[in-house]
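In my numbering, the protein residues as written are 7 to 298. Cβ atoms here follow ideal geometry from the backbone N, Cα and C, with glycine treated the same way. Since this is a predicted model, take the numbers as computed values, not measurements.
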């Protein structure tokens with residue numbers, strides 16, 4: 007048992023070390039990439055969740071551009087959290103929301119031959135994200151409000167063919183529940199050779215590894231359930247199975263992915279919150295079984 011504990015501790019240390027290496031902010035970006043740590047930010051009050059427009063005007067002097075006072079911010083950046091006075095259930099048309107825009111200058115991208123990609127290690131908001139290259143929409147998420155995949159990095163092609171002209175401005179649109187915090191990490195742009203290893207490592211550490219370990223724990227729980235059917239007097243087996251199910255449900259928000267989940271937001275949030283208390287209760291019952 008002691009050896010297993012030491013092995014698990016070593017695996018955790020190695021994973022943390024690799025994660026720190028991957029997420030380290032290099033003082034100089036590798037050849038073929040740009041590391042964007044400065045942006046302009048704009049907040050606009052809105053109501054409900056609206057689809058991202060297919061085109062925008064990136065020129066701040068244009069009357070068609072997002073209007074308001076842009077402020078310079080450093081990335082990563084997080085908006086302040088404002089506690090709501092009362093609980094509010096999300097509604098696509100009535101909920102008070104905020105449109106948060108980030109504008110990043112990518113003029114130096116012209117020095118990098120295509121194809122080029124945009125890599126966002128992390129973003130967080132109770133809402134949805136859209137990404138524009140100059141005026142055209144490149145990507146928009148379709149995830150549930152409460153199952154926003156903050157652990158899922160984004161990998162977006164900036165051009166559809168090798169000779170496409172690179173964008174001079176990248177605009178990120180995040181529409182989220184008003185009063186709840188939102189955040190955006192630093193952003194990378196460049197070639198696949200320069201950036202794909204970062205995306206693959208971070209996706210594996212933040213998303214695939216938790217999914218694999220949680221699914222393995224659930225599979226063991228299912229196996230233990232069949233053992234319990236043969237030994238009904240041993241309730242410890244049943245408690246272990248229920249714990250594996252509760253842990254899997256609790257961890258869903260970390261790896262559901264950017265696609266829409268066919269479950270109402272209120273039910274998803276209810277299952278996520280209550281799974282925490284179920285885990286605490288089952289852990290207490292298991293300790294009672296082990297130690298009397």
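May I ask which residues mark the beginning and end of the beta strand (DSSP E) holding residue i?
i, result
"residue 110", "102 to 111"
"residue 181", "175 to 183"
"residue 47", "44 to 53"
"residue 78", "77 to 80"
Measure the CB-CB distance between residue i and residue j and report whether it falls below 8 Å.
i, j, result
"residue 81", "residue 195", "no"
"residue 103", "residue 54", "yes"
"residue 38", "residue 118", "yes"
"residue 249", "residue 296", "no"
"residue 112", "residue 173", "yes"
"residue 40", "residue 115", "yes"
"residue 130", "residue 71", "no"
In angstroms with no decimal places, state the Cα-to-Cα distance between residue i and residue j.
i, j, result
"residue 242", "residue 276", "27 Å"
"residue 260", "residue 216", "8 Å"
"residue 285", "residue 294", "14 Å"
"residue 137", "residue 146", "6 Å"
"residue 160", "residue 61", "20 Å"
"residue 198", "residue 212", "20 Å"
"residue 247", "residue 281", "14 Å"
"residue 204", "residue 210", "10 Å"
"residue 200", "residue 36", "7 Å"
"residue 109", "residue 206", "25 Å"
"residue 45", "residue 175", "10 Å"
"residue 290", "residue 132", "32 Å"
"residue 165", "residue 274", "36 Å"
Starting from residue i, follow the alpha helix (DSSP H) in both directions and report where the run begins and ends.
i, result
"residue 254", "241 to 256"
"residue 222", "215 to 236"
"residue 204", "198 to 209"
"residue 272", "271 to 297"
Can you give the beta carbon distance from residue i to residue j, rounded, assuming they're within the 8 Å contact cut?
i, j, result
"residue 179", "residue 107", "6 Å"
Are there any heavy atoms of the ligand GTP lying less than 7 Å away from the beta-carbon of residue i, as far as the coordinates show?
i, result
"residue 226", "Summarising the ligand content, the structure contains no ligands, and the ligand GTP is consequently not present."
Taking contact to mean 3 or more Cβ pairs, one atom from each stretch, closer than 8 Å, check whether the region 117 to 129 and the region 225 to 244 are in contact.
no
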